[in-house]
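Structure, as structure tokens:
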Amino acid sequence: MDHSPLLHNSELAERAYRVRRNAIVMAEVQGQGYIAQALGVADVLSVAYFHAMNVRPDQPDWEDRDRFLLSVGHYGIAHYAVLTEAGYLPEAELVTYGCDDSRLPMSGMTSYTPGAEMSGGSIGLGLPMAVGMGLGLKRKKSKSFVYILMGDGEMAEGPTWEAAISAAHYQLDNIIALVDFNKVQADGPSTSIMSTEPLVQKFEAFGFFVQRVNGNDLAALVAAFDAAREHPDPKPRIIICDTKMGSGVDFLEAKEKNHFIRLEAEDWKRAYAALDARTVA
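If you're matching positions, the sequence shown starts at 1326 in my numbering and goes up one per residue.
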């Protein structure tokens, strides 16, 4: 779809609902997965793909497209959910998630999935790749943006900050970084494992245009994405999105340990019901 923003948050809310539902469909196939992250970041991805980004799902390699880099590779389930909603993938393919010969591996890979621009794995590699892409697009006189989704645990990785220095030095105003700040990583609370606050002041000191918003508030996200695209100064942009793990499914929101979740068959039915109830409300 060429850049044509949806004007009503109700439309974006419907998109975000279907992204969340797609994620639950995939997670149910395996009975487990990074479902809480997918639910939490669904609003951010929905605003990115259905409001801000200039893409053509029927032409994934269109030269003038905006690029979306998934640095947190284990968020592949979230990315496939939004790619399916956007039309890159048929909905029937969701049930192949994580299976042999599937185009939807558990960690995002460019060689398998239409619309995937990088292969994720070790965190901290996305922003360096965004710098390379941003430089390349600048040299080609392209007006495309490079969006990069990172996690809050990634803020403790050295390559992230080396890339931040480079992005500012080269005035890469075509980079829009997104941080899913859900306060959770594999070993425990990210704020306890390695506190990276104050993030806003740090990125400002590194030369970024910085915004911090509620990542589950569609109106706030729309305003932040618009401000990032339209900011007049020649500097990279970053939106720190404070999200809630499991957002939209109350009993998953309340789970104490939700980095990687395994559910029984009846719990998946509860998840669909909770998501539908929240949507109706």
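All residues carry an ideal CB built from backbone N, CA and C; glycine is no exception.
Contacting residues, own chain, Cβ-Cβ under 6 Å from residue i (five flanking each side not counted)
| i | result |
| --- | --- |
| Ala-1352 | Gly-1358, Ile-1360 |
| Gly-1365 | Asn-1507, Thr-1568, Lys-1569, Met-1570, Ser-1572 |
| His-1328 | Residue confidence is low: His-1328 scores 49 on pLDDT, short of 50, so the model does not pin down where it sits. Its coordinate-derived value is still stated next. Within the same chain, His-1328 has close Cβ partners Asn-1379. |
| Leu-1395 | His-1404, Gly-1433, Gly-1445, Leu-1474 |
| Gly-1398 | Ser-1432, Gly-1433, Gly-1445, Gly-1446 |
| Thr-1521 | Met-1480, Ala-1481 |
| Thr-1438 | Arg-1428 |
| Pro-1382 | Ala-1411, Gly-1412, Tyr-1413 |
| Ala-1367 | Ala-1341, Val-1344, Arg-1345 |
| Ala-1602 | none |
| Ser-1371 | Leu-1337, Arg-1340, Ala-1341, Val-1344 |
| Pro-1415 | none |
Proximity below 7 Å, CB of residue i to CB of residue j
| i | j | result |
| --- | --- | --- |
| Ala-1348 | Ile-1402 | yes |
| Phe-1576 | Ala-1377 | no |
| Leu-1543 | Leu-1337 | yes |
| Gly-1445 | Tyr-1413 | no |
| Ile-1448 | Ala-1502 | no |
| Phe-1393 | Glu-1442 | yes |
| Gly-1476 | Asp-1505 | yes |
| Arg-1537 | Ile-1565 | yes |
| Val-1407 | Gly-1540 | no |
| Ala-1590 | Val-1574 | no |
DSSP bridge partner residues for residue i (one or two, in chain order)
| i | result |
| --- | --- |
| Gly-1275 | For the chain, the structure presents residues 1326 to 1606; residue 1275 sits outside this window and is missing. |
| Leu-1395 | Leu-1474 |
| Phe-1534 | Arg-1562 |
| Gly-1358 | Ile-1586 |
| Asp-1655 | No information on residue 1655 is available, as it lies outside the stretch 1326 to 1606 that the chain covers here. |
| Ile-1349 | The partner list for Ile-1349 (beta bridge, DSSP) is empty, contrary to what the question assumes. |
Own chain, CB closer than 7 Å to residue i, minus 5 neighbours either side, in chain order
| i | result |
| --- | --- |
| Glu-1410 | Arg-1340, Arg-1343, Val-1344, Asn-1347 |
| Met-1454 | Leu-1394, Met-1443 |
| Pro-1385 | Tyr-1413, Pro-1439, Gly-1440 |
| His-1556 | Phe-1534, Arg-1562 |
Contact set for residue i: own chain, Cβ-Cβ below 8 Å, skip 5 residues either direction
| i | result |
| --- | --- |
| Val-1456 | Ala-1488, Ser-1491, Ala-1492, Tyr-1495, Leu-1497, Ile-1500 |
| Leu-1332 | Residue confidence for Leu-1332 is low, a pLDDT of 46 falling below 50, so the modelled location carries little weight; the figure read from the coordinates is stated next. There are no such residues. |
| Gly-1423 | Met-1351, Val-1354, Gln-1355, Gly-1358, Leu-1429, Pro-1430, Met-1431 |
| Asn-1583 | Ala-1361, Val-1509, Met-1570, Gly-1571, Leu-1577 |
| Lys-1463 | Tyr-1495, Leu-1497, Asn-1499 |
| Ser-1436 | Ser-1444 |
| Asp-1389 | Asn-1379, Ser-1467, Lys-1468, Ser-1469 |
Presumed contact (8 Å Cβ cut-off) between residue i and residue j, rounded CB distance
| i | j | result |
| --- | --- | --- |
| Val-1547 | Val-1535 | That belief does not hold up - the Cβ atoms of Val-1547 and Val-1535 are roughly 18 Å apart, past 8 Å. |
| Thr-1485 | Leu-1460 | With a Cβ gap of about 17 Å, Thr-1485 and Leu-1460 do not count as contacting. |
| Lys-1580 | Ile-1586 | 7 Å |
| Ala-1363 | Tyr-1400 | 7 Å |
Meets three-Cβ-pair contact criterion under 8 Å: the segment 1466–1484 and the segment 1529–1546: Because the criterion of three Cβ pairs below 8 Å is not met, the segment 1466–1484 and the segment 1529–1546 do not touch.
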